[in-house]
Every structure is written in structure tokens, then in C-alpha cells.
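Peer 1: Quick note on numbering: the sequence shown equals residues 1 to 56 in UniProt numbering. For every residue, glycine included, the Cβ atom is placed at its ideal position computed from N, Cα and C.
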Amino acid sequence: MLVVQRSKTPHKQAAGQATAVMVLGVESLGRKAEPLSTPKSIKMIHVLAVGMSLDH
């Protein structure tokens with residue numbers, strides 16, 4: 001089960017949920033296309049995570 005930390009501001013909470021959903025989506029796409037352990041997938045997820053954190 002995925003647990004999203006509740007923050008004091010609804011905007012950040014929604015952003016956290018969106019990020020979690022996006023990461024899950026990337027993971028499921030990654031599993032279909034190639035194993036997540038491949039450097040390409042790891043880099044893609046890392047770039048996505050960094051981009052999402054900079055977005056806030």
C-alpha cells in the first residue's frame with residue numbers, strides 16, 4: 001500500500017499524491033518496456049523525481 005505523507009497545505013499534499021501516482025506509472029511502464037534495474041530506467045525515474053521536486 002502506498003502511503004502519502006499529509007502536509008499542512010492541500011496543494012503540497014495533492015502534489016505529493018500526483019508525484020506518487022506518476023512514479024507508480026513510470027514503474028509500471030518501465031516493467032513493460034524493460035527491467036527497472038537497467039541504467040536507462042533508473043536515470044529516467046531519477047530525472048523525473050528531481051524534476052518534480054524542483055517544480056514545487
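Restricting to Cα atoms, I'd like to know which of Leu-54, Pro-39, Ala-15 and Ile-45 is closest to Gly-25.
Peer 2: Considering only alpha carbons, the answer is Ile-45.
Peer 1: Would you say Ala-15 faces chain B, with C-beta separation under 9 angstroms as the test?
Peer 2: Judged by its chain identifiers, the structure shown contains no chain B, having just a single protein chain.
Peer 1: Look at the Cβ atom of Val-21, then the Cβ atom of Ala-49, and state whether they are nearer than 9 angstroms.
Peer 2: The answer is no: Cβ separation not under 9 angstroms.
Peer 1: What is the rounded straight-line gap between the Cα of Thr-19 and the Cα of Leu-54?
Peer 2: Those two C-alpha atoms are separated by around 12 angstroms.
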